[in-house]
Each structure stands twice: as C-alpha cells, then as structure tokens.
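Protein chains: 2
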Amino acid sequence: MPDSSALDRFYSVIPAGGIGSRLWPLSRADAPKFLHDLTGSGQTLLRDTWDRLAPLSGDQRIMVVTGRAHRAAVEAQLPELADPNVVLESEPKESTAAIGLAAAILQKREPGVIIGSFAADHVIKSAPLFHQAVREAVVAADAGYIVTIGIQPAEPAIAFGYIKCSRPLQIDGAPNALSVGSFVEKPNLATAKRYLANGHYLWNAGMFIARADRLLEEIAASEPELHAGLLELADAWDTPARGAVVDQVWPRLKKIAIDYSVAEPVAAKGKLAVIPGQFDWDDVGDFASIAKLHSGGRKRDLAILGEGARVLADSSSGIVVSHTGRMIALVGVQDIVVVDTPDALLVTTSANAQKVKSVVDALKLSGSSDVL
Amino acid sequence: MPDSSALDRFYSVIPAGGIGSRLWPLSRADAPKFLHDLTGSGQTLLRDTWDRLAPLSGDQRIMVVTGRAHRAAVEAQLPELADPNVVLESEPKESTAAIGLAAAILQKREPGVIIGSFAADHVIKSAPLFHQAVREAVVAADAGYIVTIGIQPAEPAIAFGYIKCSRPLQIDGAPNALSVGSFVEKPNLATAKRYLANGHYLWNAGMFIARADRLLEEIAASEPELHAGLLELADAWDTPARGAVVDQVWPRLKKIAIDYSVAEPVAAKGKLAVIPGQFDWDDVGDFASIAKLHSGGRKRDLAILGEGARVLADSSSGIVVSHTGRMIALVGVQDIVVVDTPDALLVTTSANAQKVKSVVDALKLSGSSDVL
Chain A
21 MPDSSALDRF YSVIPAGGIG SRLWPLSRAD APKFLHDLTG SGQTLLRDTW DRLAPLSGDQ
81 RIMVVTGRAH RAAVEAQLPE LADPNVVLES EPKESTAAIG LAAAILQKRE PGVIIGSFAA
141 DHVIKSAPLF HQAVREAVVA ADAGYIVTIG IQPAEPAIAF GYIKCSRPLQ IDGAPNALSV
201 GSFVEKPNLA TAKRYLANGH YLWNAGMFIA RADRLLEEIA ASEPELHAGL LELADAWDTP
261 ARGAVVDQVW PRLKKIAIDY SVAEPVAAKG KLAVIPGQFD WDDVGDFASI AKLHSGGRKR
321 DLAILGEGAR VLADSSSGIV VSHTGRMIAL VGVQDIVVVD TPDALLVTTS ANAQKVKSVV
381 DALKLSGSSD VL
Chain B
21 MPDSSALDRF YSVIPAGGIG SRLWPLSRAD APKFLHDLTG SGQTLLRDTW DRLAPLSGDQ
81 RIMVVTGRAH RAAVEAQLPE LADPNVVLES EPKESTAAIG LAAAILQKRE PGVIIGSFAA
141 DHVIKSAPLF HQAVREAVVA ADAGYIVTIG IQPAEPAIAF GYIKCSRPLQ IDGAPNALSV
201 GSFVEKPNLA TAKRYLANGH YLWNAGMFIA RADRLLEEIA ASEPELHAGL LELADAWDTP
261 ARGAVVDQVW PRLKKIAIDY SVAEPVAAKG KLAVIPGQFD WDDVGDFASI AKLHSGGRKR
321 DLAILGEGAR VLADSSSGIV VSHTGRMIAL VGVQDIVVVD TPDALLVTTS ANAQKVKSVV
381 DALKLSGSSD VL
C-alpha cells in the first residue's frame, strides 16, 4: 500500500533547458519550446507542467533548472515559484549536470529527499493517471531503486527511445513496478514494429524518480569528476560563495545525458525500475507530432495554431502555425508544415519534420543568428 | 517581298487589363501582373512589351488601353507614352471592347491604319524573330485578313488554346501566312499530345493584327450593338464630349473576348490568317510557368524571385517568390510554390498552380478584400 511518508519527502524538478530546434522558427534561443502553447490549452507547456506537478509535491516543492537568459520568462510563467527553487545555468550542460545539481542542492537542504525530474516541454493528457504512476514511482524510489516511468506505445514510433521491461519487482505500494532490462535508442520502423508487437517495450519519456542520495551515488559511480563538481556547487549554493564557485566549476562540468550516466549502467546492475504509464504522452518534438496532437490522428485534417490565424485551405492537410496574422492560402498541399513568424517562414512536410534541426544548424553556419 | 508602306501604317496596341489572379498574392488589384518583373529582366512585363514594340511602330505609335486605377503606374513605366495614346477604361469590358475601341479611335484619326494588339504581360525571348513575324502579319493584314501569330508548341501544354492551321495563303510579302482552320479551347493532356504530334496546331498567343476598318467590320458582323457603341465612343473621343459619352456608353458594352467575337467567326469564313512564330513565348499565367521560365525546364531546380530574398533550401525544388526579406526555409518539398508578401502567403505546388484563381474567388466571397 502507498507509503505516504515517502510522498511527503517528494520534490519535483523541472529542467527547462532545450530550445527545441526541430520546432524552429517557432522555438528560438529567446523563446524555447517550453514557453509556447503547443496544445491549444491557452498556456505554455512549462505552465502545464507546473500545474500537473503542483498537486503531487505542492507549490513550495518544485525546483526549476533553467538558463540565465530565461529567468524572467520562467518567473513570469510561474509566479508561485519560490526563489530558492530557481537554479540558473550559466551555460547548458545536459541533463546529468542539471538534475544532478538539483539533487545535490536538495539533498544538502533536506537529507532523504526523493526527487522526480520531468521535462518542461512534454504533453500529458490525463493528470490523474500520471499522478498514480508517480506515486508508485516514489514508493519504488524510496526502496532504493532509480525509477523511470515508461509509456505504453500507441504506435511504432521511431522518434522515441524504448525501455525493455523485465520481471515484476513486487514492491509493497508499487504493484506495477518492473525491473528494466535495458534502454534502447530510437529504432528504425521495422524494429519499432517488433517492439510494439512484443509488448515488453515502453517509450522512454525521460522521467526519472529517485532518492537524491541514490542518484548522486550512481553519478559518482559512473562520472566521479562530474559528481565531485556537483557536490562542490551544492556546498556553496546556499552561501555567499555561490557565484564564485559556479563561475569556476560549472564551465568544467562534463556534458552527458542522464540516460548514459545513470539509466543504462543502473539497468545493467538490475537496479532500474519502471512504472508503466497508462496516460497519453508526447514529447511534441517536431511539427508532425504537433499536427498529430491536434488532428487526433486523422490524416486528412489541417491543424491551425496561432491567435488570429487567417488560413484559407483548398484540398490541403497538415499543420499551419501562424504568428503574423497574415492571410495564408494553401492549395493542394498534403501533410504540409507551414510555420509563419514575423522574421522567418518554414515550409516542409510531416515526413521531413525531424530534419528541421538541420535548418537551424545551417543557419548557425551561415551566420544568420538574427533568426535563431 | 515586304510592303514597307503597310508597316508605315502600323500602330501597336497594348491592352493592359488583367490582374493575373493565378499569380496571387503577387498580383493584386492595385499591382496587376503587367506591373511585375517575372523574368528577372530588371523591368516590368509592361516595359518589356513596350521595348519589344517600339522598334516596330515607333514610340509615338503605341497605344495603351488600361484601367483608370492603373494610369499613374502605367505612365511611370512608360514615360514616352504620348497622352493621346492613353485609353482609360472606367471598368473592365474584356478584349473586344478594349481592342475595338483602340481600332475605332485610331481609324477615325488615321483611316487605313493597321493595328496589332499584344498583351502587356507575356514573355517573348527573341525580339528579332517576333519582329519578323509581326512584319509578315502586317502585310497579310493589309491584304484584308484578320491575322494572328501562333506559336510553335514546345510541349503538350494544357494551359493554352490552340490554332489549327490549314493551307498556305501565298500572300506576297507574307510567305509563311497560313489559313486558320479553327480556334480550339485549352485541351486535356491526351488531346494536347495529339496536337503536338499532328504538327498543324499552334499555341494561341492572343496576338491580333488587322486593318482597323476590317476589324471593326468583323465586330459589326458578329456584335452590331457593341460595334455601334465603339463608334459612338470614337466619334466623341477627341472632343470635349468624351467624358459624358464614356459615362453613358462604356458601362453598357457587352463583355466578350475577341476570340469569340472575331477570331472564331472569321476563321469559319476562311478569312483568318496565321503567321507561325518561331520565337519562345509564354503567357506566364501561373507560378508553374514562372518556375519553368527560370529553371530552363530543369525539374530539380529551385527558382528564387525577389530582391533581397533569403532562402535556405534543403532537398527542395519549385519556386519561391520573396517580397518580404524574411528568412524562408524549405525542407524536403518538391515542385513547391511559395509566395511570400507582407500581408499574404501562398503555399501550393506546380501541379496546382492553375487553381490559385480559386483562392482569389474564395477570398472575394469571404470578404477578405484587404489582401486582393
């Protein structure tokens, strides 16, 4: 049965970092994906994330790790965010540093804390089913596991990594917890179809729940230097030395995703648990994914995003994102992606949506930083 | 051999009327097709037309028939245009009224005049070959024929009407003149292929050359009321009564294309002649045609029009028209048409380029006149 004392020690962490290059020209360096409303909910993905976590941990127990440049925008979105819960990165250092620093700071402030890390820019439709999964994950984490929440695949997606489930762990209060056999990278379509048919593969939604001490222990095992840097930062964090130590330590930290530093090695040791999530989830990683979200999977539909959008479509399907109020006319274009912003226009197709990142790379190379 | 006295009586007429709806949102009510540079020549199609005709008839013998709203733009493009050679329509009335009025005015001023009517918004690559065809046409016109110049088809086009050629007319000074069997409407692809293989079909480029008296005679035969109106207008034209008579007569004139009022009935009587033109011609009627013009027929190319265009294309082909200076990124779109203007954006494909007119119709119906 659920251990309420474990949930009392729970702290939510929201790494709000990535720009979302595949969503250019909507997402920009100064307007990253988490600051957009991609669902039509009327509020940003970051605010949706907060509203989903607040009932679990309470307003005062949500920490946000973000870039210095986004501080004002984040605080404007989250007026309830307590000042000690804002962790600013001077430069992006990937997920191990971001989540590891949050763990180290919170563990120092409150030994025994259990943290759950949830991306600022994903979409989850059913909050109650999400809460149920997190509650089980917290119990499994309290038992010493590093825990992830995997998503029951709805289709043979190739844009996500997968988690291969193994035997039930039979944890009291976490009846659905399974041992993780392995983490697997984004597959090709044939492999994705096999995973779907097999039934033991879940989507990796990048959610990690663990006791802060256990997470730090695993980072120490795989990345001892990075771990030492995180402890140094945490020691100075709530002191006047913070600024100087950050300036000295943060730039030297290794960039590594938590999947590689923690999830894979811990899975190999049999200490990674997964709670299968029964809720709809999407990382809305590209425009094809946003189109699908809005069309409810109907291929012939045209999704239109943007306040005051003026769209005239003749025999066309796909998605239009309009941020200019201009008249947009589509004639006979299928699965099209049109993103219209004041200084940049993107035209592609759903099938090419993942390649939009290459546009951003090319714009960087060509010195077109004014539109990045 | 050429009859030089006939060419001395030649007058060029440029009907500068149509908006070019298939080129929306580039062409607008206040910026019709003939006021755009679609060839990359650095000047408008109207100016190109003038420069092509001036060597034939001289600057002082070119009349322009256009809408009142376009007077200033036309005069800015054509500073040499003599004031008596500007004929303003209070409302559009199709080609029989426009060309017939020019014929009636010029015949009154200069009995025996031979007129040649050439659209303001077509593209012709070789002026010398064009001049050669017109010179023959003028001779044939002087002999009493209504004369057209047909274009040797380069492909089985379905966007043009065709002229079926019959026997040689053996006119002295117009050795290539043929009798026209019939005028045929835009065919489907199978029919167009038959026409091309047959060898006796030419594209109808809408060029008509005739003695003004002969043209008026034929209008009188098929459209007596319209003819009477044109004579009434011409009688008043160079008098103080012009304004009053125009206000009274012009609105009542029948709208009918000269193909129907003159070319078809005259062909049936065996009095229509055609000079086969050996020059490259295009009516640049839609964006597919502009793309072809710029790519030299190469399918894999991307044509880019517009000063200061910033286009980043990855595995894409078609045409981009940029009038905003915005960054335009294309990823994996083939035969695409993107037209980017400050208040309206069009996205379609070459195959759908002819359907752009339906967008304009829909915008009219929906009351979106701000972008027309």
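Residue numbers (my numbering), protein chains in the order written: chain A, 21 to 392; chain B, 21 to 392. Heads up, the beta-carbon is just placed ideally off N, CA and C, and yes, glycines get one too. The model shown is predicted, which means the values in this text are computed figures rather than measured ones.
Quiz item: Is the beta carbon of I125(B) less than 8 Å from the beta carbon of L235(B)?
Solution: Position 105 of the second sequence holds residue 125(B). Position 215 of the second sequence holds residue 235(B). It is not a contact, given that the beta carbons lie outside the stated cut-off.
Self-check item: For Q152(B), the nearest candidate out of S336(B), H343(B), I324(B) and Q298(B) (CA to CA)
Solution: Your numbering for residue 152(B) matches position 132 in the second sequence. Comparing Cα positions, the closest option is Q298(B).
Quiz item: Smallest Cα separation from S137(A): which of E111(A), M83(A) and K145(A)?
Solution: To locate residue 137(A), count along the first sequence from 1; it is residue 117. Nearest C-alpha to S137(A): M83(A).
Quiz item: Using a Cβ-Cβ distance under 8 Å, would V358(A) count as near chain B?
Solution: Within the first sequence, the letter at position 338 stands for residue 358(A). Closer than 8 Å: yes.
Quiz item: Which residue from A26(A), S110(A), L322(A) and P296(A) puts its Cα closest to that of R187(A)?
Solution: The residue labelled residue 187(A) in the question sits at position 167 within the first sequence. For the residues A26(A), S110(A), L322(A) and P296(A), the minimum Cα distance to R187(A) belongs to P296(A).
Exercise. Could you tell me whether any Cβ in chain B is nearer than 8 Å to the Cβ of I348(A)?
Key: Residue mapping note: residue 348(A) aligns to position 328 of the first sequence, counting from 1. With 8 Å as the cut-off, I348(A) counts as an interface residue toward chain B.
Practice problem: Just list the alpha helix (DSSP H) runs in the region 289-343 of chain B, keeping only unbroken ones of 4 residues or longer that don't cross its boundaries, in chain order. | Solution: Segments of the alpha helix (DSSP H) lying fully in the region 289-343 of chain B: 307-315.
Self-check item: For I183(A), the first and last residue of its enclosing beta strand (DSSP E)
Solution: The residue given as residue 183(A) occupies position 163 in the first sequence. From DSSP, the beta strand (DSSP E) with I183(A) extends over Y182 to P188.
Quiz item: Applying the criterion that 16 or more other CB atoms from any shown protein chain within 10 Å of the CB defines a buried residue, is N208(B) buried or exposed?
Solution: Residue 208(B) sits at position 188 when you count from the first residue of the second sequence. By the neighbour-count rule (16 or more Cβ atoms within 10 Å), N208(B) is not buried but exposed.
Quiz prompt | Alpha carbon of T64(A) to alpha carbon of G181(B), nearest angstrom | solution = Your numbering for residue 64(A) matches position 44 in the first sequence. Your numbering for residue 181(B) matches position 161 in the second sequence. Spanning the two alpha carbons is a distance of roughly 55 Å.
Quiz prompt | Distance, A230(B) Cα to R129(B) Cα | solution = Within the second sequence, residue 129(B) is the residue found at index 109, counting from 1. Within the second sequence, residue 230(B) is the residue found at index 210, counting from 1. Distance between the alpha carbons of R129(B) and A230(B): 16 Å.
Practice problem: Indicate whether K53(B) and I39(B) have their beta-carbon atoms separated by less than 8 Å. | Solution: In the second sequence, residue 53(B) corresponds to position 33, counting from 1. In the second sequence, residue 39(B) corresponds to position 19, counting from 1. Result yes, Cβ atoms of K53(B) and I39(B) sit closer than 8 Å.
Quiz item: In whole angstroms, what is the alpha-carbon distance linking H314(B) and S370(B)?
Solution: Working through the second sequence from its first residue, we reach residue 314(B) at position 294. Working through the second sequence from its first residue, we reach residue 370(B) at position 350. Going by C-alpha positions, H314(B) is about 13 Å away from S370(B).
Exercise. Can you check the region 124-196 of chain B for any beta strand (DSSP E) of at least 3 residues that lies completely inside it and give the ranges in chain order?
Key: 134-137, 166-171 and 182-188
Quiz item: Is it the case that the Cβ atoms of Q127(A) and A232(A) are separated by a distance below 8 Å?
Solution: To locate residue 127(A), count along the first sequence from 1; it is residue 107. To locate residue 232(A), count along the first sequence from 1; it is residue 212. Yes; because the gap between Cβ atoms is below 8 Å, this pair is in contact.
Practice problem: Tell me whether I103(B) sits in a helix, a strand or coil according to DSSP, three-state version. | Solution: Along the second sequence, read from residue 1 onward, the residue named residue 103(B) stands at position 83. According to the sequence provided, residue 103(B) is Asp. The question's Ile does not apply to it. D103(B): helix per DSSP, three-state reduction.
Practice problem: Hey, could you find the ends of the beta strand (DSSP E) A230(A) is sitting in? | Solution: Working through the first sequence from its first residue, we reach residue 230(A) at position 210. Counting along the chain, the beta strand (DSSP E) containing A230(A) begins and ends at Y221 to R231.
Quiz item: Near L392(B), what residues of its chain come up, given a Cβ to Cβ distance below 7 Å and the 5 sequence neighbours on each side ignored?
Solution: Numbered from 1 along the second sequence, position 372 holds the residue referred to as residue 392(B). Cβ within range, chain order: R48, A49, V380, L383 and K384.
Exercise. Specify the secondary structure class of T211(B) as computed by DSSP and reduced to three states.
Key: Translated into positions along the second sequence, residue 211(B) becomes position 191. T211(B): helix per DSSP, three-state reduction.
Exercise. Starting from the C-beta of A333(B), find all residues in its chain whose C-beta is less than 6 Å away, skip the five residues before and the five after it, and write them out in chain order.
Key: For the purposes of this step, residue 333(B) is taken as the residue at position 313 of the second sequence. Only L322 and L350 meet the Cβ criterion.
Quiz item: H94(A) lies in the alpha helix (DSSP H); which residues open and close that run?
Solution: The residue given as residue 94(A) occupies position 74 in the first sequence. Note that residue 94(A) is Val in the sequence shown here, rather than His. For V94(A), the enclosing alpha helix (DSSP H) has its first and last residue at R91 to Q97.
Quiz item: Using a beta-carbon distance cut-off of less than 9 Å, what residues from the region 191-220 of chain A approach chain B?
Solution: none
Exercise. Could you spell out the range, first to last residue, of the alpha helix (DSSP H) harbouring P75(A)?
Key: Mapped onto the first sequence, residue 75(A) falls at position 55. Residue range L65 to S77 is occupied by the alpha helix (DSSP H) that includes P75(A).
Exercise. Check G263(A) in the structure and name its three-state DSSP category.
Key: Here the question's residue 263(A) lines up with position 243 in the first sequence. Looking at G263(A) - three-state DSSP - the assignment turns out to be helix.
Quiz item: Under a CB-based cut-off of 8 Å, is S378(A) close to chain B?
Solution: Position 358 of the first sequence, counted from the start, is the residue given in the question as residue 378(A). It does; some Cβ of chain B falls within 8 Å.
Quiz prompt | K375(B) at chain A interface by Cβ criterion, 8 Å | solution = Counted from its first residue, the second sequence places residue 375(B) at position 355. Closer than 8 Å to some Cβ of chain A, the Cβ of K375(B) qualifies, so yes.
Practice problem: Look at the alpha carbon of D258(A) and the alpha carbon of E109(A), and state the distance between them as a whole number of angstroms. | Solution: On the first sequence, position 238 is the one that residue 258(A) refers to. On the first sequence, position 89 is the one that residue 109(A) refers to. Rounded to whole angstroms, D258(A) to E109(A) spans 15 Å at the Cα level.
Quiz item: Using a Cβ-Cβ distance under 8 Å, would P22(B) count as near chain A?
Solution: Here residue 22(B) is taken as the residue at index 2 of the second sequence, counted from 1. Bear in mind that the predicted position of P22(B) carries a pLDDT of just 45, short of 50, making it too unreliable to give a figure here.
Quiz item: To the nearest angstrom, how far is it from the Cα of L55(A) to the Cα of V94(A)?
Solution: As a working mapping, residue 55(A) is identified with position 35 in the first sequence. As a working mapping, residue 94(A) is identified with position 74 in the first sequence. The alpha-carbon atoms of L55(A) and V94(A) are separated by roughly 8 Å.
Exercise. Select from A217(B), A157(B) and A160(B) the residue whose C-alpha is nearest the C-alpha of W184(B).
Key: Residue 184(B) sits at position 164 when you count from the first residue of the second sequence. Strictly speaking, residue 184(B) in this sequence is Lys, with Trp absent from that position. Taking the Cα of K184(B) as reference, the smallest distance to any Cα among A217(B), A157(B) and A160(B) is reached at A217(B).
Quiz item: Among R262(B), I276(B) and E284(B), which one has its Cα closest to the Cα of E205(B)?
Solution: In the second sequence, residue 205(B) corresponds to position 185, counting from 1. The residue with the shortest Cα to Cα distance from E205(B) is E284(B).
Self-check item: Any C-beta of chain B under 8 Å from that of D381(A)
Solution: If you number the first sequence from 1, residue 381(A) lands on position 361. Taking 8 Å as the threshold, the shortest C-beta distance from D381(A) to chain B does not fall below it.
Quiz item: Given 8 Å as the limit, is there contact between the region 100-119 of chain A and the region 260-274 of chain A, that is, 3 or more CB pairs closer than that?
Solution: yes
Exercise. Following the continuous alpha helix (DSSP H) through L251(A), name the residue where it begins and the one where it ends.
Key: Position 231 of the first sequence holds residue 251(A). L251(A) -> alpha helix (DSSP H) spans P244 to W257.
Practice problem: Whole angstroms is fine: what's the gap from A293(A)'s alpha carbon to S199(A)'s? | Solution: One-based indexing of the first sequence puts residue 293(A) at position 273. One-based indexing of the first sequence puts residue 199(A) at position 179. Going by C-alpha positions, A293(A) is about 5 Å away from S199(A).
Exercise. Could you tell me whether the Cβ of S25(A) comes closer than 8 Å to any Cβ of chain B?
Key: Position 5 of the first sequence, counting from 1, holds the residue named residue 25(A). For S25(A), the answer is no, since every Cβ of chain B falls outside 8 Å of its Cβ.
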